[in-house]
Amino acid sequence: MTDVAHIRRVMLAVTETSPLEKLWQSLVEKLAGARAEVVTVFVRDDTWHRVATLPFTVEISRISGARVAFTQQRAEQLGEDAAGRIRQRLEQLAAGTGLHPVFEVLKATEVGELHRLVEVEWDLLIAPSVLRDFPLLAELARRQRQVLLVEVEEQSK
Amino acid sequence: MAEILARATRLAVPTERLRTICTSLGEAGARPPAQPTVSVSQLGQARAVESLRFGIGLEREGYNVFVLGPPGSRRHSLATELAEARASEKKAPDDWCYANNFSDPERPRALRLPAGRGTEFRDDMRALIEDIRIAIPAIFEEEDYRNQLKALEAELQQEIEEQWEEIRRKAAKEDISVLQTPSGYVLAPVHDGKVIDDEQFEKLPKEKRDSIQATIKTLGEDLQSRIESLPRLRKKQYERVRALDQDVTAHAVTVLMQDLKAKYADVADVAAYLEEAEQDIIDNAQEFRQTDEPALPFLHQDSSVLLMSYEINLVVSNKPDNHAPVVYEVNPSYTNLVGKIEHRAEMGALLTDFSMIRGGTLLQANGGYLVLDIHRVLGRPFAWEALKQALFTRQVRIESPADTLGFATTTTLKPEPIPLDVKIILVGERWLYYLLSLYDKEFGGLFKVAVDFDDDVKRTTDNVETYAQLIDIRIGEYELLPFDESAVKRIIEQRSRQADDSERLSMNIRSLDDLLVEADYWARQREAKSVEASDVVAAITHKKIRLGRVESRIIDAIQRDTLLIDTSGKCVGQVNGLSVVDLGDYRFGYPVRITATTRIGTGDVVDIEREVKLGGAIHSKGVLILSSALTSRYAPETPLSLHASIVFEQSYGGVEGDSASVAELCALVSSIAKVPIRQNLACTGSINQLGRVQAVGGVNEKIEGFFEICRQRGLDGSHAVIIPRDNVKHLMLREDVVEAVQQEKFAVYAVETIDEAIELLTGQPAGERDDNGEFPVDSVNHRVEERLIRYATQRKQFGKEAAKND
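Protein chains in written order, with the numbering used here: chain A, 4 to 160; chain B, -14 to 791.
Okay, structure coming up:
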């Protein structure tokens, strides 16, 4: 077990459907008031882009029931909106804790970016259990970095 | 000559006729005065009082009253007094309220309640509102209500969930995932729990691909139709909640309003209103529990605003133990008469509602009497038309003048009209009454009763006694020092002077009050305990001094020979006429020189004043009459071959009236006969075609005006004024004039014919035609006739010579 005093750099990995409050709480508890550099990595999955590749998919408006073709542009917009929402929520959670998380977006398909993150000397990685098989985690575990998987139920998309 | 002197003496007005002294006040002379009699307030106005009683008593359409008479004649007080007497016999009229019209808020309802119950009803409604303000939100806080509400909400949620689950279930069965975006849903095929992309999709057999697409299409349509049905579900839910709210509110409101409805069951308007109010409260039950903060503070629309709509706007309130109202509106503007609808500015817009309706004096006086000054009504825009409209329709319709004229551009209220039953008493001067009668065709139908106030009253023994009592009442009202008998007598005399008649007393109470107050002032100045005759004289004298600037300037101009007036010697064709200047509150007289020149001519008497348009119509008429008198007296059978011109010397303003026609004729006679006129005399009077001298106005001021000039130059007993005999009764001369006559330093002659005036002015016999129709040879008239015949002969001769030359 890593001594709290030695935790200087922490990565918090989240997905679009992760319950942020629980993950953040785990982080705060783990640090127990210690100062550390926190980087939040929003692991953006490619579901929307995959859907958008299908030529027959449409988005049905919740209010009017109107149908609009679901395009790559719309998929990208949804991803950006999700990142924005998560970043804002994290800032709210971090307010008053003395922590100033840096926010990064990692597309699951961006291999180069994945390698860059692996090379960083993380003292602790906190991630939802859904990311158990995510290559970044596997690699970090292999490099004997401390990984804390938080058992949370992902929200439906 | 002796005969002429004897005749002049006979024409002299006796001293006692120059000023009729008040010798007795009857019982009113007793100090302290006796209790005033009832007739005091109606002194001299018997006809007016009778007419007023008739007008006030006859309660039929159109029998409104117009009180006409001069200002200061107690028109208002007498009209109000009689109206109040009649009103005291009538019960207090109903109260009127404006209330919200729940089905049409732009047309507020007018509610009628018995006197006194309007206030009660308004207070009851306020109490009810307070109860509702507390009771209804409390109901919504009750556990039972909350549970029912939660159950309804859960019901809706469950219904939506069920539909949603059904879609998910169907989709999952077909390997379709229902993904949610922030604004909608996306249906996509899945494999092993993961959405497949186009590449994976293309690898699927065609049948599978077609099946997936068809399923997504069907599920999409199903989803779409369920989404479209959601508003219906929510509406249904809203209606359920609303029904629940109404149920709980209805129970509470019914209980709260039960007593109120029973209390006002006998007032039809109110009973109907309460039913509607109750239903409205129930219909708007949800508004009473609104607690959410508004998006913007100034948009706050909480239940207190809603509760305002159940307020009662009491526009007419009467006390049940009072009698019918008598209202005097000092400023009868349109809005003061009819009422108005006020507005409040909110977010740059002008808003209004029934609570901002304000009643006018027509409503205040409804069921009673409304006293108005007609000149003020006519002077206020739209007021006269509004008043007539109200009387015609017998309704008060409160709306803005712009609305009445159709100029309103914004939505405003149209309150229900209120039935009108009021007697209007207009007070005004006579000329306004006659003008309205002549030019306003509706006037006669609306104001059928004319009440004509007399300007003065006969100076009988009884009236003097009553007048003295009236004086005492006024003294009491103004809390003046007591007036002794001499003061009251002097006031009585002055009232005759103000009436311009020794046999009448002025009924201008305003000027009486002024005299009393000013006499009191002078008595106090000398630290007296009571007012005496000398104080009354001081008041009269000082008023004359205060207002006498113009008079003193004219006298000064005469004394410095700027205005040429001779008061001694004789002169042909020149006579002292007398003029009066009226400055409204003060009149004075002064002499004017009238001259006449004559020569042979064609019978023209030229009035220079008329030629230069300085002579008024009546003055011109006077000159034409004297021309006719000249012809009929001296040239009845020969053509008048004279050219004469008459002028008011040094008169640069207008000349009006015919009171100088005697003087003008005398100047003409003097010029024709070449007989000089005495300049120590002045003359006033009008003349008819037969040579009869007729009465004129302002005779006192005229005499005093000439007297003043002569007095300053030195009275020698030769100075006098000639007046018409018919004016003797009007004489109320100043004490100093009377004193001068007593001392034979001054005289007043009263003449009935032009011949008497000629004799006095020329000092020569005028001459009467004898049986042969001829004047005595040495008479003035003979000389006039002789000269006129000579002119006619000469003219005839000139005519013949001219014809021969042609």
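Note that the Cβ used here is the ideal one computed from N, Cα and C, for glycine as well.
Predicted model, so just to flag it, every value in this text is computed and none were measured.
Taking 7 Å as the upper bound on Cβ-Cβ separation, chain B lies near residues Leu81, Asp84 of the stretch 76 to 105 of chain A. As computed with DSSP, Asn298 of chain B is found in a beta bridge with B:Tyr83. Among the CB atoms of chain A, none fall inside 7 Å of the CB of Thr337 of chain B. In this structure, the CA atom of Ala270 of chain B is about 46 Å from the CA atom of Pro366 of chain B. By the criterion of at least three beta-carbon pairs nearer than 8 Å, the stretch 255 to 267 of chain B is in contact with the stretch 78 to 88 of chain B. Judged by DSSP secondary structure, Asn561 of chain B falls within the beta strand (DSSP E) whose first and last residues are 559 to 567. Among the residues facing chain B, Ser64 of chain A is included, as its CB has a counterpart in that chain under 7 Å away. Pro58 of chain A counts as exposed, since fewer than 16 other C-beta atoms from the protein chains shown sit within 10 angstroms of its C-beta. Between Arg53 of chain A and chain B, the shortest Cβ-Cβ separation is below 7 Å.
Note that the C-beta distance between Ile41 of chain B and Ala68 of chain B is below 7 Å. Counted as a single uninterrupted DSSP element, the stretch harbouring Glu622 of chain B is not any alpha helix (DSSP H), since DSSP gives it neither H nor E.
If you look at Lys135 of chain B, you'll find it isn't in any beta strand (DSSP E); it sits in the alpha helix (DSSP H) that goes 128 to 158. Contact note: Arg70 of chain A reaches chain B through Gly205, Gln209, using a C-beta cutoff of 8 Å and chain order.
At the C-beta level, Gly169 of chain B and Ser67 of chain A stay beyond 7 Å of one another. A distance of 7 Å or more separates the beta carbons of Pro174 of chain B and Asp195 of chain B.
For Pro167 of chain B, the residues of chain A that pass the 8 Å Cβ criterion are Leu81, Asp84, in the order they occur in the chain. For Glu741 of chain B, no beta strand (DSSP E) segment is defined; the enclosing uninterrupted segment is the alpha helix (DSSP H) at 739 to 747. The shortest CA-to-CA distance from Gly638 of chain B to any of B:Val301, B:Val577, B:Val473, B:Arg698 is the one to B:Val577. For Thr60 of chain A, a Cβ of chain B is located within less than 7 Å of the residue's own Cβ.
Under the Cβ distance rule, Thr56 of chain A counts among the residues neighbouring chain B, one pair being separated by less than 7 Å.
For Gln148 of chain B, the CB contacts under 6 Å within the same chain, skipping 5 residues up- and downstream, are Arg211 in chain order.
In the displayed model, Phe39 of chain B falls within a helix according to three-state DSSP. One alpha carbon belongs to Val684 of chain B, the other to Thr669 of chain B, and they sit about 8 Å apart. Proximity of Gln198 of chain B to chain A, defined by a Cβ-Cβ separation below 7 Å, is satisfied.
Taking C-alpha positions only, Tyr313 of chain B is separated from Val301 of chain B by approximately 16 Å. The three-state reading of DSSP puts Ile672 of chain B in strand, counting E and B together.
Interface with chain B (7 Å Cβ-Cβ cutoff): Thr74 of chain A is excluded.
Under the 8 Å Cβ criterion, the stretch 416 to 428 of chain B does not count as touching the stretch 462 to 469 of chain B, having fewer than three qualifying pairs. Under DSSP, Met110 of chain B forms no beta bridge with any residue. Nearest CB-CB separation between Thr43 of chain A and chain B: not below the 7 Å threshold.
Going by DSSP, Ile707 of chain B is part of the beta strand (DSSP E) stretching over 704 to 709. Flagged as an interface residue toward chain A: Ile212 of chain B, by a C-beta distance shorter than 7 Å. By the CB criterion at 7 Å, Val736 of chain B and Glu689 of chain B fall outside the cutoff. Secondary structure note for Thr778 of chain B: its alpha helix (DSSP H) is the uninterrupted segment 765 to 790.
Distance check between Gln559 of chain B and each of B:Asp551, B:Val565, B:Val566 places B:Asp551 closest, using alpha-carbon atoms only. Collapsing the DSSP output to three states places Tyr170 of chain B in a strand.
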